Every structure is written in C-alpha cells, then in structure tokens.
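Following: one structure in structure tokens, then a few remarks.
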Amino acid sequence: MNNLEKYNKAFMEILNVAELDLESLEYQKISAWDSVGHMQLIAALEDIFDIMFDTDDIIDFSSYVKGKELIAKYGVTI
Amino acid sequence: MAGYFELSLLRLYIFPSDYLCSNSYLLSANGHAVVIDPCNNKLFFQKIKQLKIDYCFLTHEHYDHINGVNELKTNFKCPVICSKICADRIENPRLNMAHYYPAFIKMQKQEPVTDQKMIIPDYCCKADNVFEYEVLINWQGHQFFLRETPGHSPGSSSILLDKKILFSGDTLVIGQKTYTRFPGGNPEDFQQYTLSFLRSLPKETVVYPGHYGSFLLKDAIL
Numbered sequence: 113m114n115n116l117e118k119y120n121k122a123f124m125e126i127l128n129v130a131e132l133d134l135e136s137l138e139y140q141k142i143s144a145w146d147s148v149g150h151m152q153l154i155a156a157l158e159d160i161f162d163i164m165f166d167t168d169d170i171i172d173f174s175s176y177v178k179g180k181e182l183i184a185k186y187g188v189t190i
Numbered sequence: 632m633a634g635y636f637e638l639s640l641l642r643l644y645i646f647p648s649d650y651l652c653s654n655s656y657l658l659s660a661n662g663h664a665v666v667i668d669p670c671n672n673k674l675f676f677q678k679i680k681q682l683k684i685d686y687c688f689l690t691h692e693h694y695d696h697i698n699g700v701n702e703l704k705t706n707f708k709c710p711v712i713c714s715k716i717c718a719d720r721i722e723n724p725r726l727n728m729a730h731y732y733p734a735f736i737k738m739q740k741q742e743p744v745t746d747q748k749m750i751i752p753d754y755c756c757k758a759d760n761v762f763e764y765e766v767l768i769n770w771q772g773h774q775f776f777l778r779e780t781p782g783h784s785p786g787s788s789s790i791l792l793d794k795k796i797l798f799s800g801d802t803l804v805i806g807q808k809t810y811t812r813f814p815g816g817n818p819e820d821f822q823q824y825t826l827s828f829l830r831s832l833p834k835e836t837v838v839y840p841g842h843y844g845s846f847l848l849k850d851a852i853l
C-alpha cells in the first residue's frame, strides 16, 4: 500500500466517508469530523506514518487536501 | 467551584479543573485521605496539605485526569494506583493524550489557550501499584472496589466506594452516552465488559463522574 492509499484509508475508516468524497472533505463539514474525530484522525496518521504533529499543525489540519501539505513537512510524501 | 459533602464519617470534596471541568475528588477520614484523578488545581493542593494522603486512584489515563499526579507524588509521596493498561498509557504523552490537548482544547472552545503553563504537551507520569480486572482496597473502615471498565479508553476503571458510591471517570457522565470515540476508545469493549458491570450495580448508586455533577445510576444513559 502506498502513502496515498494509507492516507485515504485512515480518512475512510475513521470518518466513515467514501473515497469519492475525500477531495472536498473539510473539518466540521461532516458530523464524524468534529474535534474528537479530529484527534482520532491525527493519532491514526501519526501511527501510520510514524510522525508527531506539532500543535499548530494539528489545528491547521483543516481539510483532506491541507493535511497532505502538512504531512509533507514531516518528510512524508503523499 | 469546589464542592463539599459529608458522608457519615467520610468527607468528600470535589475540585473541577479550569479546562474541560475535569473533577478531582478528595475523600478524607480521620486525618487521612484518598485522592481520585488529581488535577493541577491550587485549591485542591492547598486542601490536601492538611491531610495524610494514603492513596491516589486514577479512573483512566487521559491527561485532563492525571495532570496533577507528578506534583502529588513529589510533595505527598503517596502511591498511585490504577489498572495495568492505564499505568502503561500514562507514561506516554500520545497515549495519555497530553500531546493532543492544547489543540483539542483550542478546537473545542474555539479560542486560544491563554495560560500555556496549564497544559504540558509532553506530560507523563508513573503508577506505583497496578491491578488487572479488579481489586479491593480497605481504607479507614471503608472499602474501595476498583474495576476495569474499558470503552471510553483502554485503561478506564470505575471505583466503587462501600458499594454505594461510584467514581466513574469518563465511563459515565450525566446526560450523554459514554464517549468511545477518543483514540483507543472502543464501543465493543464498553458493550462487552463495562455495561454488564454497571447494570449489576444498585440503581440508587450515586455516581460521581469525571466531569460535571453527581447523579443516580438510574438516571444514566446505559
């Protein structure tokens, strides 16, 4: 599984969304992606990619697309 | 605001924390005391100065319930007791959620955390004694029954005092179903292991939860 597939799988499993909906997905646009869902997602991505997000990046992680950009800061190319 | 109740020869004090209103409990009898979920709260630490702290019990590993453990251990030398799983997780800032709390609180309250000293993102602490499944502890003529109640978190326990009072941590909070969505939370564990225990308790059991006020078990959403 490549990094994009791992990234997508985390979103789909934790937020229960379809792959087709990922590109437009934003924080608080669906009920599952509230502040608690956000912590689940961040923790899962940290496990998957063996990284630790800074607090500012956890807060800035506002969408599926933005997340890709932030993860790149930690040396992970999606 | 701190609360105070007298239960026969036992006194129960409640100290809600500034952030997320996590409750620290202090039970005192005959100059001795037991602490449950110590938070960094000045009033709490002022109050316990006058007492001999015999035990500190933890209901679960989350940062908002353990952030006073290190200060308590440094100044009062009391043993910290929790489940084995909880003990493993309080040693890791990711597993005890300290790493996520600054962001979580900001996102919950939609405002910046103004007093950064209140939150330590790399906070961790250690337990002194652990149990698996359940344990009975006698103290000053009273009996504590600590029982693992996973679901909200893997290391969650509930603490039953004299078969009448339940310190539930976040396993039970009034007016809402138990939150099992935090990292490590598991609704199946809650269903399989915890619900049967809670349903086995008398309906008149008084529940002192990890957040907000007390209630009767019969009023909980199970």
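Quick note, the sequences are listed as chains L and X, same order. Here the first sequence is numbered in our numbering, starting from 113 and rising by one per residue. Here the second sequence is numbered in our numbering, starting from 632 and rising by one per residue. From the three backbone atoms N, C-alpha and C, an ideal C-beta is built for every residue, glycine too. Predicted model, so just to flag it, every value in this text is computed and none were measured.
Would you mind giving the Cβ-Cβ distance between residue i and residue j, rounded to the nearest angstrom? I have them listed as a contact below 8 Å.
i	j	result
Gly-699(X)	Asn-671(X)	5 Å
Leu-132(L)	Ser-175(L)	Not quite, the Cβ-Cβ distance comes to about 16 Å (not below 8 Å), so this is no contact.
His-803(X)	Thr-836(X)	The sequence given here places Leu at residue 803(X); His does not occur at that position. 10 Å between Cβ atoms; not a contact.
Leu-657(X)	Phe-675(X)	7 Å
Cys-717(X)	Tyr-686(X)	Actually they do not touch by this definition, with Cβ atoms about 15 Å apart.
Leu-157(L)	Ala-130(L)	That pair is no contact at about 19 Å.
Lys-834(X)	Leu-848(X)	6 Å
Phe-688(X)	Cys-713(X)	7 Å
Pro-840(X)	Asn-654(X)	7 Å
Val-761(X)	Lys-715(X)	4 Å
Tell me where the alpha helix (DSSP H) around residue i begins and ends.
i	result
Gly-800(X)	No alpha helix (DSSP H) holds Gly-800(X); the beta strand (DSSP E) holding it covers 796-800.
Cys-756(X)	Note, Cys-756(X): premise wrong, no alpha helix (DSSP H); not H, not E.
Val-148(L)	147-161
Asn-706(X)	700-707
Tyr-732(X)	732-740
Leu-726(X)	Careful: Leu-726(X) lies outside any alpha helix (DSSP H) and carries neither H nor E.
Asp-685(X)	Taken as a continuous stretch (DSSP letters only), Asp-685(X) belongs to no alpha helix (DSSP H), being part of the beta strand (DSSP E) at 683-688.
Ile-805(X)	Premise fails: Ile-805(X) is in no alpha helix (DSSP H) and is neither H nor E.
Phe-675(X)	673-679
Let's see if you can read the secondary structure: which residues bound the beta strand (DSSP E) around residue i?
i	result
Phe-123(L)	Phe-123(L) -> not in any beta strand (DSSP E); alpha helix (DSSP H) instead, spanning 115-127.
Tyr-656(X)	654-660
Ser-143(L)	Unbroken run through Ser-143(L): none, as it is neither H nor E.
Cys-713(X)	711-714
Leu-132(L)	Premise fails: Leu-132(L) is in no beta strand (DSSP E) and is neither H nor E.
Phe-776(X)	773-779
Phe-646(X)	641-647
Tyr-839(X)	837-840
Under three-state DSSP, which class holds residue i?
i	result
Ile-697(X)	helix
Gln-823(X)	helix
Val-188(L)	coil
Asp-172(L)	helix
Ser-784(X)	coil
Ile-750(X)	coil
Ile-790(X)	strand
Ala-851(X)	coil
Pro-818(X)	helix
Glu-763(X)	coil
Glu-692(X)	coil
Phe-828(X)	helix
Is it true that the segment 806-822 of chain X meets the segment 750-759 of chain X, where meeting means three or more beta-carbon pairs spaced less than 8 Å apart?
-> no
Do three or more CB pairs link the segment 677-696 of chain X to the segment 776-786 of chain X at distances below 8 Å?
-> yes
Is there contact here, the segment 763-773 of chain X with the segment 660-667 of chain X, by at least three beta-carbon pairs under 8 Å?
-> yes
Within 7 Å of chain B by C-beta, residues of the segment 168-180 of chain L in sequence order = Going by chain labels, chain B is absent from the structure shown, which instead holds the protein chains L and X.
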